[in-house]
Amino acid sequence: MTNEKEKQYPFLRACHRRPTPYTPIWLMRQAGRYMKEYRTLRKKYSFMEMCKDPELAAEVTLQPLKHFRLDAAIIFSDILIPLEPMGVGFEFAKGEGPVFHRPIRISRDVEKLRLFDPKEELSFLMEAIRIVRKELEGKIPLIGFSGAPFTLASYIIEGGYSKNYVLTKALMYQDPSTWSKLMDKLSKVLIRCLNAQIKAGVQAIQVFDSWVGCLSPRDYEEYVLPYSKKVLKGLGQSVPVIHFGTSTSALLELMKRAGGDVIGVDWRVNLDEAWERIGHDVGIQGNLDPVVLMGPIGFIKKEVKRILKQANGRPGHIFNLGHGILPNTPVESVAALVDMVHEYSSMTKQGRR
Ligand code: CP3
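Below is the structure:
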């Protein structure tokens, strides 16, 4: 930690497993389509335009903070942003998510991928970080992020989102040398991108390995762990790092081995069991099913209490959803969630003193 003020932020304290007066909470995709202000801006600009304009990206980052007492902000951007300067063009097709017209599948494609300087080619992101830091000074910390090498590799090999990751796994098995060249290049780019964000001012990092749960533990260990480890090691110790994935219940111990101060888990695993397995010498983030927010307030309360009980007031729990917030989530439920987590956790923590 760099100064006295940072020591006081509950989110950063929890990342370091220090005691906090209440359990800090932020939400993956907390800036987005469930908010009216976001939808209004989106009528004027495309998603990519919003990411590439530092003022707009900063504005969107701050939108949820006006409505909810969140304990951290996350810079508005996307895990796919570094792929364009690498030479892998894509577009967001309506209703389909990202589409890559020229997927990467052979050695020659991998050789053409560019290692670039994010300070230059992602200057819009670094500028957005500087603007948000100024706006947030003294209030809450700012999280920067990237995808993990596997999740990004899966997008550029499949050409978009995939159900079974057949092409990705086929490349791993059929052509391990091309796979390792690709993962190596992605790792190098990600280390540069994350360090540039840290230099621009983010106070924590989350690495999203959203789709890694499609792998067996054996494949994770051989084809993914060395690269994720390299990325997480490549950040030094300057800011805490959250290492997140979904459907990772079979991979938790290996993900811990890859690194991170905090491991992010989804709702498919019980938080107490997950924490027991990864060990209490790292923090844990999670793990409310985002769909719970579509239910009645009484049900949300019950689920929040269950998760807090599983965390048992132990320092090092950061409350979050198990995956990104869904576009048609009621805003009132999000507000209620944030307040509930603060209220109930402060009671438990007082009870423990
Ligand atoms: O969390 C935040 O508020 C910060 C911003 C953020 C976005 N994407 C904004 C976004 C973050 C951290 C991400 C991460 C991201 N992006 C991931 C990892 C997390 C996860 O959900 O697993 C992934 C896989 C992506 C790739 C991506 N970006 C997809 C598949 C899509 C299309 C699907 C969709 O939700 O529409 C996006 C677009 C995207 N990224 C939107 C937002 C707010 C929606 C864009 C819109 O306005 O239409």
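Heads up: the sequence shown runs through residues 443 to 795, numbered per our numbering.
We put the CB at the ideal spot given by N, CA and C, even for glycine.
Inter-residue Cα distance where the pair is L768 and A473: Against the sequence shown, residue 768 aligns to sequence position 326. Against the sequence shown, residue 473 aligns to sequence position 31. Between L768 and A473, the C-alpha separation is close to 11 Å.
Look at G602 and G539 and say whether their C-beta atoms are less than 8 Å apart. By 1-based counting over the sequence shown, the position of residue 602 is 160. By 1-based counting over the sequence shown, the position of residue 539 is 97. Contact flag set, yes.
Hey, would you say the C-beta of Q505 is under 7 Å away from at least one heavy atom of the ligand CP3? Here residue 505 corresponds to residue number 63 of the sequence shown, with the count starting at 1. In this structure, the C-beta of Q505 stays at least 7 Å away from each heavy atom of the ligand CP3.
Could you check how far apart the C-beta atoms of L763 and I749 are, in whole angstroms? I think they sit under 8 Å. Taking the sequence shown and counting its residues from 1, one reaches residue 763 at position 321. Taking the sequence shown and counting its residues from 1, one reaches residue 749 at position 307. Not quite, the Cβ-Cβ distance comes to about 11 Å (not below 8 Å), so this is no contact.
What is the rounded straight-line gap between the Cα of I582 and the Cα of R556? Taking the sequence shown and counting its residues from 1, one reaches residue 582 at position 140. Taking the sequence shown and counting its residues from 1, one reaches residue 556 at position 114. Taking the straight line from one Cα to the other gives about 35 Å.
Given 8 Å as the limit, is there contact between the segment 589–599 and the segment 657–669, that is, 3 or more CB pairs closer than that? yes
Kindly indicate the opening and closing residues of the beta strand (DSSP E) around V541. Working through the sequence shown from its first residue, we reach residue 541 at position 99. 539–541 is the span of the beta strand (DSSP E), which, as asked, contains V541.
Which stretch, first to last residue, makes up the alpha helix (DSSP H) that contains A590? Here residue 590 is taken as the residue at index 148 of the sequence shown, counted from 1. Neither: A590 is in no alpha helix (DSSP H) and is coded neither H nor E.
Using CA atoms only, rank isn't needed, just tell me which of Q450, K561, Y480, H458 is closest to A642. Stepping through the sequence shown from its first residue, residue 642 is reached at position 200. The option with the nearest alpha carbon to A642 is K561.
Which term fits D708, buried or exposed, when burial requires 16 or more other beta carbons within 10 angstroms of its beta carbon? Counting from 1 along the sequence shown, the entry for residue 708 is found at position 266. Flag for D708 reads buried.
Please list the terminal residues of the continuous beta strand (DSSP E) segment that includes N762. Here the question's residue 762 lines up with position 320 in the sequence shown. Element bounds for N762: 759–763.
Quick one: any contact between the segment 568–579 and the segment 488–504, if contact means 3 or more CB pairs under 8 Å? Cβ pair count under 8 Å is three or more, so yes.
Bridge partner(s) assigned by DSSP for Q727: Taking the first residue of the sequence shown as 1, we reach residue 727 at position 285. Paired residues: G706, I760.
Taking DSSP as the reference, what is the three-state secondary structure of A473? In the sequence shown, the residue the question calls residue 473 occupies position 31. Of the three classes helix, strand and coil, the one that applies to A473 here is coil, per DSSP.
Own chain partners of I640 with C-beta closer than 8 Å, once the 5 adjacent residues on each side are dropped: Taking the first residue of the sequence shown as position 1, residue 640 is located at position 198. For I640, where only same-chain residues beyond five positions count, the Cβ hits under 8 Å are G586, I647, L677, S680, V681.
Any idea what DSSP makes of A500, helix, strand or coil? Locating residue 500 in the sequence shown gives position 58, where the first residue counts as 1. Three-state DSSP puts A500 in a helix.
Can you tell me the Cβ-Cβ gap for G766 and R471, rounded? I've got them flagged as a contact below 8 Å. For this step, residue 766 is matched to residue 324 along the sequence shown. For this step, residue 471 is matched to residue 29 along the sequence shown. Correct: roughly 3 Å between the Cβ atoms.
Since D651 is in the beta strand (DSSP E), which residue starts that stretch and which ends it? The sequence position of residue 651 within the sequence shown is 209, counting from 1. First-last of the beta strand (DSSP E) with D651: 646–651.
So G740 is in the beta strand (DSSP E); what residue range does that whole segment cover? On the sequence shown, position 298 is the one that residue 740 refers to. Not the beta strand (DSSP E): G740 falls in the alpha helix (DSSP H), residues 739–753.
Could you give the residue range of the alpha helix (DSSP H) that holds E526? What you label residue 526 is simply residue 84 of the sequence shown in a count that begins at 1. It spans 525–528 - the alpha helix (DSSP H) in which E526 sits, taken as one unbroken run.
Should I516 go down as buried or exposed, given a rule of 16 or more other Cβ atoms within 10 Å for buried? Taking the first residue of the sequence shown as position 1, residue 516 is located at position 74. The residue in question, I516, is buried, as its Cβ has 16 or more Cβ neighbours within 10 Å.
Taking E563 as part of the alpha helix (DSSP H), name the residues at either end of that continuous run. Stepping through the sequence shown from its first residue, residue 563 is reached at position 121. Taken as a continuous stretch (DSSP letters only), the alpha helix (DSSP H) holding E563 covers 560–563.
Residue burial classification, V733 (beta-carbon count within 10 angstroms, cutoff 16): On the sequence shown, residue 733 is found 291 positions in, with the first residue counted as 1. By the neighbour-count rule (16 or more Cβ atoms within 10 Å), V733 is not buried but exposed.
Between I479 and the rest of its own chain, which residues show a CB-CB distance below 7 Å, the 5 nearest in sequence each way excluded? Residue 479 sits at position 37 when you count from the first residue of the sequence shown. Contrary to the premise, residue 479 reads as Glu rather than Ile in this sequence. Around E479: Q505.
Look up F518 in the DSSP assignment and say whether it is helix, strand or coil. One-based indexing of the sequence shown puts residue 518 at position 76. Coil at F518, not helix or strand.
For the ligand CP3, I want to know if P524 counts as a neighbour, meaning its beta carbon is within less than 7 Å of at least one of the ligand's heavy atoms. For the purposes of this step, residue 524 is identified with residue 82 of the sequence shown, where counting begins at 1. False, no ligand heavy atom lies under 7 Å from that Cβ.
Is there at least one non-hydrogen atom of the ligand CP3 closer than 7 Å to the beta-carbon of M384? Outside the displayed range of the chain (443 to 795) lies residue 384, so it cannot be described from this structure.
Start and end of the alpha helix (DSSP H) containing I633? The residue you call residue 633 lines up with position 191 of the sequence shown. Annotation for I633: the continuous alpha helix (DSSP H) segment containing it runs 618–642.
Could you check which residue in G706, A778, I599 has the C-alpha nearest to that of I548? In the sequence shown, residue 548 corresponds to position 106, counting from 1. Cα-wise, what sits closest to I548 is I599.
Check whether the Cβ atoms of P463 and I760 lie closer than 8 Å to each other. The sequence position of residue 463 within the sequence shown is 21, counting from 1. The sequence position of residue 760 within the sequence shown is 318, counting from 1. It is not a contact, given that the beta carbons lie outside the stated cut-off.
Classify R660 as buried or exposed, calling it buried when 16 or more other Cβ atoms lie within 10 Å of its own Cβ. Counted from its first residue, the sequence shown places residue 660 at position 218. It is exposed - the Cβ of R660 has fewer than 16 other Cβ atoms within 10 Å.
Where the beta strand (DSSP E) through V673 begins and ends: For the purposes of this step, residue 673 is identified with residue 231 of the sequence shown, where counting begins at 1. No beta strand (DSSP E) contains V673, which is instead part of the alpha helix (DSSP H) from 667–675.
Please confirm whether any heavy atom of the ligand CP3 lies closer than 7 Å to the CB of G474. Start at 1 with the first residue of the sequence shown, and residue 474 comes out as number 32. Correct: G474 has its Cβ closer than 7 Å to the ligand CP3.
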